[in-house]
Amino acid sequence: MARLAVRIEARTERGTREGVLPLVRVCARHGAPALFLFALGPDRMGRLAWRQWLGGRLVRRKAGAGPPPAGTGGWINGVLRPGPHLGRRHGPLLRQVRDQGFDVG
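Numbering (our numbering), first residue to last: 492 to 596.
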């Protein structure tokens, strides 16, 4: 039987806050080993969004397509306001993932 290993990267505040624990539960339920990689500095999603805007990718979005994938607030982190420091804000979450037996980096 083939084995599967999963690599999960959490780079934004919203992704860390809302996405990590559900993925931990899914991996634990199925017995899948996983490596969770976390960004530890400030969330700078807004800088990425600005670069994509300048590249024209966001200009071609369909009208009425809904909010951007990172949410409305995430698109101004690092541009119009300082982004939250992910390592300080989510330290207990990182330890919780580690304590459940997953690799954390």
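Here a beta-carbon is modelled for each residue, glycine too, at the ideal position from N, C-alpha and C.
Excluding the 5 residues flanking it on each side, R498 has same chain C-beta neighbours closer than 6 Å at L526, in chain order. Between R586 and A493, the alpha-carbon positions lie close to 29 Å from each other.
Annotation: the segment 566 to 594 contains the following complete segments of the alpha helix (DSSP H) (minimum length 4 residues), in chain order: 577 to 580, 582 to 590. Contact check for T507 against H581 passes: the beta carbons are separated by less than 8 Å.
Apart from sequence neighbours up to five positions away, the residues of its chain that approach A501 with a beta-carbon distance below 6 Å are T507, V511, F529, ordered along the chain.
In terms of Cα proximity to E504, the closest of G578, P524, R589, G592 is G578. V588 sits away from G537, with the two beta carbons spaced by 8 Å or more.
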